[in-house]
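Participant: For reference, the structure I am asking about is given below.
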Amino acid sequence: MSTHAIRRWERFTPEQRFLRFAFYFISVAAIVFSIKNIEVIPEFLYDAPEQLADFFQRMWPMDTAYYQKSVHAALIETLNIATLGTLLSLTMSIPVGIMAARNVVPIKPLNMLAQLILVSSRSVNTLVWALLFIAIFGPGAMAGTMAIAFRSIGFVGKLLGEALEEANRGPIDALTATGAPPTSVFLKGYWPQVMPSFVSIALFRWDINVRESAVLGLVGAGGIGMAMDTAMNLFRWDQVAVVLSTIFVVVIIAEIAVSAIRRRII
Amino acid sequence: MSIPATHKTRVAFIPNWPLRIGFILLAFYVVWAMGQLDVTWARFVDGLSAGQKFLGRMFPPNFSAEKVEMITKGLLESIQIAVIATVIGIGLSLPIGLLAARNLMPAWIVWPARALIAVCRSFHEVVIAIIFVKAVGFGAIAGIGALVVGSIGFISKLFAEAIEEISPKQVEAVRASGAGFFGVLIYGVIPQVFSRFLGFASYQFDSNLRHSTMIGIVGAGGIGGSLFSAFQRFDYDFVCAILLSIIALIIMAEVFSNYVRALFNDNLALLDYLRNRRATKLSQEKSAGLGAS
Numbered sequence: 001m002s003t004h005a006i007r008r009w010e011r012f013t014p015e016q017r018f019l020r021f022a023f024y025f026i027s028v029a030a031i032v033f034s035i036k037n038i039e040v041i042p043e044f045l046y047d048a049p050e051q052l053a054d055f056f057q058r059m060w061p062m063d064t065a066y067y068q069k070s071v072h073a074a075l076i077e078t079l080n081i082a083t084l085g086t087l088l089s090l091t092m093s094i095p096v097g098i099m100a101a102r103n104v105v106p107i108k109p110l111n112m113l114a115q116l117i118l119v120s121s122r123s124v125n126t127l128v129w130a131l132l133f134i135a136i137f138g139p140g141a142m143a144g145t146m147a148i149a150f151r152s153i154g155f156v157g158k159l160l161g162e163a164l165e166e167a168n169r170g171p172i173d174a175l176t177a178t179g180a181p182p183t184s185v186f187l188k189g190y191w192p193q194v195m196p197s198f199v200s201i202a203l204f205r206w207d208i209n210v211r212e213s214a215v216l217g218l219v220g221a222g223g224i225g226m227a228m229d230t231a232m233n234l235f236r237w238d239q240v241a242v243v244l245s246t247i248f249v250v251v252i253i254a255e256i257a258v259s260a261i262r263r264r265i266i
Numbered sequence: 001m002s003i004p005a006t007h008k009t010r011v012a013f014i015p016n017w018p019l020r021i022g023f024i025l026l027a028f029y030v031v032w033a034m035g036q037l038d039v040t041w042a043r044f045v046d047g048l049s050a051g052q053k054f055l056g057r058m059f060p061p062n063f064s065a066e067k068v069e070m071i072t073k074g075l076l077e078s079i080q081i082a083v084i085a086t087v088i089g090i091g092l093s094l095p096i097g098l099l100a101a102r103n104l105m106p107a108w109i110v111w112p113a114r115a116l117i118a119v120c121r122s123f124h125e126v127v128i129a130i131i132f133v134k135a136v137g138f139g140a141i142a143g144i145g146a147l148v149v150g151s152i153g154f155i156s157k158l159f160a161e162a163i164e165e166i167s168p169k170q171v172e173a174v175r176a177s178g179a180g181f182f183g184v185l186i187y188g189v190i191p192q193v194f195s196r197f198l199g200f201a202s203y204q205f206d207s208n209l210r211h212s213t214m215i216g217i218v219g220a221g222g223i224g225g226s227l228f229s230a231f232q233r234f235d236y237d238f239v240c241a242i243l244l245s246i247i248a249l250i251i252m253a254e255v256f257s258n259y260v261r262a263l264f265n266d267n268l269a270l271l272d273y274l275r276n277r278r279a280t281k282l283s284q285e286k287s288a289g290l291g292a293s
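Chains as they are written, first to last, in this note's numbering: chain W, 1 to 266; chain X, 1 to 293.
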């Protein structure tokens, strides 16, 4: 085959190369634009190290008595908000997640509706959900719990829907062939397949929610953030330090607990 | 051909008593916790009418010219914060993630790096933003600082885990050819983790964008400031307009970063991507056969 032209191998087609270049170009343009236009007050930057040093100096020594006085109760409230919010979101996200799975519910409009619910739940931050629920239920832990629950629907529902879509067809077909009604097909066909990932999604979200519920108090939705807000308004940085270290310890413990449980289940 | 009398009837689904007891305990916890948090039906019903009034005041959203100007200004600042914070955050996470990878680094480097990541991870961006507002004053710089810290906590950890999962063969091969540390890094490690890293980075950009719309609540720049003050002034139709703009921005960013991931990881062109996923699978296989060297 001497007439055969020498073939040059190229990794990307011209279109791919162009698209990649376009991405790099957009990125660089965005960075340059951002740096040029961001409003910086240089006077504030000059004394930042001093301010930071002063800040940490005021934090030390910590006012450890503050823990017993108000942090402990607030901490329990935070954990309750996170747990109850997660449970509430699980009950709400199971139907939405099922509705989002295209193989379980092969009805296009319902899939779209579920996606819409999931996207709007995820796009609104927990703090904004908290502000909305404070306007509805008044300040306090109830607004915080609802905020955590509504923000988590998007996360849990999306992952549950994806897990359902990846479920193996075999058991489903077998059950359908025996004439099982849809509920049985779901409970004995889909559910056992997605159960492990559902548990791990729920635990993962609980872990995130512990951290998120710690800031809810800053807008008045209960929990340990309230204790922090009070201490900050009084410029008691030694008390803020107590709150911060409590959050740190609890988040680390939650993470260790979650990964231990996940290892045992999966 | 009768079944022997000793044959026990098999129960198809054996009841799982520990699980059931667990659920009963959980139910007790829920009741107790609801009492603790003062979550009651009466409050819920009260809330419904308040919620109705609230929704009534939110609609129609206030998109008058001056409000739109405020929204655009705020959103632009949020985007700028997110872009700069992602770039700096990734730049710092690369070395920190590398230092925290147990298969490449000795223990005395790994543990301090992991501790730093744990500290960055365990605080919510808004809490970090408060500290930065105190340190560098109100404005976008505080927001950038807070999001950089948050990005370090997230990307470094995942990056370290990705490095720990790489195949050692290529690393050994590069090392056997006499490459120094950086040679090993560039030719043995980075190619293996690059596509996952890109995924983390684009995810982090999304996440930074979400948070950058929020940190304004504590004065760290972006649209959150306008949102919070609108809430405090009970200016709910403006709140609604801001929320709708934020949702639109975030959805656009999500679509964009999904496409970037598809472009870099699967070599998908725009048209392939817009087609259905099943169709893209095919073109993926095609490009794997033809395009990939």
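No residue lacks a Cβ here, since even glycine has one placed at the ideal position from N, Cα and C.
Nothing here was measured: the structure is a model prediction, and the numbers come from that model.
#1: Hey, is the region 232-249 of chain W in contact with the region 182-193 of chain W, meaning 3+ C-beta pairs nearer than 8 Å?
#2: Would you tell me roughly how many angstroms separate the C-alpha atoms of residue 236 of chain X and residue 57 of chain X, rounded to the nearest one?
#3: Looking at C-alpha atoms only, which residue of W:14, W:174, W:150 and W:77 is the closest neighbour of residue 205 of chain W?
#4: Just the C-alpha distance for residue 66 of chain W and residue 37 of chain X, rounded to the nearest angstrom, thanks.
#5: Is there a C-beta anywhere in chain W that falls below 7 Å from the one on residue 135 of chain X?
#6: Under 6 Å Cβ to Cβ from residue 104 of chain W, same chain only, skipping five residues before and after it: list those, please.
#7: Does any CB atom of chain X fall closer than 7 Å to the CB of residue 30 of chain W?
#8: For residue 77 of chain X, count neighbouring C-beta atoms within 10 Å of its own C-beta (all shown protein chains included) and say buried if the count is 16 or more, exposed if not.
#9: Let's test the definition: count the other Cβ atoms within 10 Å of the Cβ of residue 146 of chain W and tell me whether it reaches 16, buried, or not, exposed.
#10: When the Cβ atoms of the region 90-105 of chain X are set against those of the region 146-155 of chain X, are three or more pairs found closer than 8 Å?
#11: Helix, strand or coil for residue 13 of chain W? Go by DSSP, reduced to three states.
#12: Anything in chain W within Cβ reach of residue 38 of chain X, meaning under 9 Å, just list it in chain order.
#13: Helix, strand or coil for residue 105 of chain X per DSSP?
#14: Is the beta carbon of residue 258 of chain W sitting closer than 7 Å to the one on residue 207 of chain W?
#15: Check whether chain W comes within 7 Å of residue 214 of chain X, counting only Cβ atoms and requiring the distance to be less than that.
#16: Enumerate in chain order the residues of its own chain whose CB-to-CB distance from residue 274 of chain W is below 7 Å, with the five nearest sequence positions on each side excluded.
#17: At 7 Å on the CB atoms, spell out the chain X contacts of residue 136 of chain W, in chain order.
#18: Just checking my contact of residue 189 of chain X with residue 166 of chain X at CB under 8 Å: how many whole Å lie between their CB atoms?
#19: Closest to residue 110 of chain X by C-alpha separation, out of X:100, X:117 and X:118, would be which residue?
#20: Residue 62 of chain W lies in the alpha helix (DSSP H); which residues open and close that run?
#21: Residue 257 of chain W touches chain X at which residues, Cβ-Cβ below 9 Å?
#22: Would you say residue 173 of chain X reaches chain W, if we count a Cβ-Cβ gap shorter than 7 Å as a contact?
#23: Could you tell me the alpha carbon to alpha carbon distance between residue 1 of chain X and residue 198 of chain W, rounded to whole angstroms?
#24: Helix, strand or coil for residue 258 of chain X per DSSP?
#25: Closest to residue 247 of chain W by CA distance: which of X:180, X:138, X:119 and X:231 is it?
#26: Does residue 18 of chain X get closer than 7 Å to chain W when you measure Cβ to Cβ?
#27: Using alpha carbons as the reference points, say which of W:228, W:91, W:37 and W:19 lies closest to residue 126 of chain X.
#28: Just mark residue 134 of chain X as buried or exposed, buried being the case when its beta carbon has 16 or more other beta carbons within 10 Å.
#29: Given a limit of 9 Å on CB to CB distance, which residues of the region 96-129 of chain X reach chain W?
#30: Between residue 268 of chain W and residue 202 of chain W, what straight-line distance do the alpha-carbon atoms span, to the nearest angstrom?
#31: Restricting to Cα atoms, I'd like to know which of X:264, X:143 and X:46 is closest to residue 201 of chain X.
#32: Would a check of beta-carbon distances place residue 165 of chain W closer than 7 Å to chain X?
#33: For residue 44 of chain X and residue 39 of chain W, I'd like the C-alpha separation in whole angstroms.
#34: Report yes or no: is there a C-beta of chain X within less than 7 Å of the C-beta of residue 34 of chain W?
#35: Tell me whether residue 62 of chain X sits in a helix, a strand or coil according to DSSP, three-state version.
Facilitator: Quick look at the numbers:
#1: no
#2: Residue 236 of chain X sits at position 236 when you count from the first residue of the second sequence. Residue 57 of chain X sits at position 57 when you count from the first residue of the second sequence. Rounded to the nearest angstrom, the two C-alpha atoms are 6 Å apart.
#3: Residue 205 of chain W sits at position 205 when you count from the first residue of the first sequence. Closest option to residue 205 of chain W, Cα to Cα, is W:150.
#4: On the first sequence, residue 66 of chain W is found 66 positions in, with the first residue counted as 1. On the second sequence, residue 37 of chain X is found 37 positions in, with the first residue counted as 1. Near 22 Å, if we compare the C-alpha coordinates of residue 37 of chain X and residue 66 of chain W.
#5: To locate residue 135 of chain X, count along the second sequence from 1; it is residue 135. Chain W contact via Cβ: present.
#6: One-based indexing of the first sequence puts residue 104 of chain W at position 104. Apart from sequence neighbours up to five positions away, the residues of its chain that approach residue 104 of chain W with a beta-carbon distance below 6 Å are 98 and 164, ordered along the chain.
#7: Stepping through the first sequence from its first residue, residue 30 of chain W is reached at position 30. For residue 30 of chain W, the answer is yes, since a Cβ of chain X falls inside 7 Å of its Cβ.
#8: Counting from one through the second sequence, the residue named residue 77 of chain X turns up at place 77. Classification for residue 77 of chain X: buried.
#9: As a working mapping, residue 146 of chain W is identified with position 146 in the first sequence. With 16 or more Cβ atoms within 10 Å of its Cβ, residue 146 of chain W is classed as buried.
#10: Between the region 90-105 of chain X and the region 146-155 of chain X, the count of Cβ pairs shorter than 8 Å is three or higher; the stretches touch.
#11: Translated into positions along the first sequence, residue 13 of chain W becomes position 13. The answer is coil: DSSP assigns residue 13 of chain W none of H, G, I, E or B.
#12: Numbered from its first residue, the second sequence carries residue 38 of chain X at position 38. Simply 140, 141 and 142.
#13: Walking along the second sequence from the start, residue 105 of chain X turns up at place 105. Coil, per DSSP.
#14: Position 258 of the first sequence holds residue 258 of chain W. Position 207 of the first sequence holds residue 207 of chain W. Yes.
#15: Your numbering for residue 214 of chain X matches position 214 in the second sequence. Closer than 7 Å to some Cβ of chain W, the Cβ of residue 214 of chain X qualifies, so yes.
#16: One cannot answer for residue 274 of chain W here, as it falls past the ends of chain W, which runs 1 to 266.
#17: Within the first sequence, residue 136 of chain W is the residue found at index 136, counting from 1. Neighbours of residue 136 of chain W on chain X, chain order: 47, 50, 51 and 54.
#18: Translated into positions along the second sequence, residue 189 of chain X becomes position 189. Translated into positions along the second sequence, residue 166 of chain X becomes position 166. Going by Cβ atoms, the distance from residue 189 of chain X to residue 166 of chain X rounds to 6 Å, so yes, they are a contact pair.
#19: By 1-based counting over the second sequence, the position of residue 110 of chain X is 110. It is X:100.
#20: Walking along the first sequence from the start, residue 62 of chain W turns up at place 62. Annotation: residue 62 of chain W is outside any alpha helix (DSSP H) and is labelled neither H nor E by DSSP.
#21: Here residue 257 of chain W is taken as the residue at index 257 of the first sequence, counted from 1. Within 9 Å Cβ-Cβ: nothing; residue 257 of chain W doesn't reach chain X, min ~14 Å.
#22: Along the second sequence, read from residue 1 onward, the residue named residue 173 of chain X stands at position 173. With respect to chain W, the C-beta atom of residue 173 of chain X has no partner C-beta closer than 7 Å.
#23: For this step, residue 1 of chain X is matched to residue 1 along the second sequence. For this step, residue 198 of chain W is matched to residue 198 along the first sequence. Residue placement at residue 1 of chain X is flagged as unreliable, the pLDDT there being 48, under the threshold of 50; the coordinate-derived value follows with that caveat. The straight-line gap from Cα to Cα measures roughly 46 Å.
#24: Start at 1 with the first residue of the second sequence, and residue 258 of chain X comes out as number 258. Helix at residue 258 of chain X.
#25: Indexing the first sequence from 1 puts residue 247 of chain W at position 247. The option with the nearest alpha carbon to residue 247 of chain W is X:119.
#26: In the second sequence, counting from the first residue as 1, residue 18 of chain X sits at position 18. Not one chain W Cβ lies under 7 Å of residue 18 of chain X.
#27: Counting from one through the second sequence, the residue named residue 126 of chain X turns up at place 126. Taking only the C-alpha atoms, the option nearest residue 126 of chain X is W:228.
#28: Indexing the second sequence from 1 puts residue 134 of chain X at position 134. Under this definition residue 134 of chain X is a buried residue.
#29: Against chain W - using a Cβ distance shorter than 9 Å - the residues of the region 96-129 of chain X are 118, 119, 121, 122, 123, 124, 125, 126 and 127.
#30: Only positions 1 to 266 of chain W appear in the structure, and residue 268 of chain W is not among them; the question remains open.
#31: The sequence position of residue 201 of chain X within the second sequence is 201, counting from 1. With distances taken between Cα atoms, residue 201 of chain X lies closest to X:264.
#32: In the first sequence, residue 165 of chain W corresponds to position 165, counting from 1. No, residue 165 of chain W does not count as interfacial toward chain X.
#33: Start at 1 with the first residue of the second sequence, and residue 44 of chain X comes out as number 44. Start at 1 with the first residue of the first sequence, and residue 39 of chain W comes out as number 39. Between residue 44 of chain X and residue 39 of chain W, the C-alpha separation is close to 43 Å.
#34: Against the first sequence, residue 34 of chain W aligns to sequence position 34. Among the residues facing chain X, residue 34 of chain W is included, as its CB has a counterpart in that chain under 7 Å away.
#35: The residue given as residue 62 of chain X occupies position 62 in the second sequence. In the structure shown, residue 62 of chain X sits in coil (DSSP, three-state: anything other than H, G, I, E or B).
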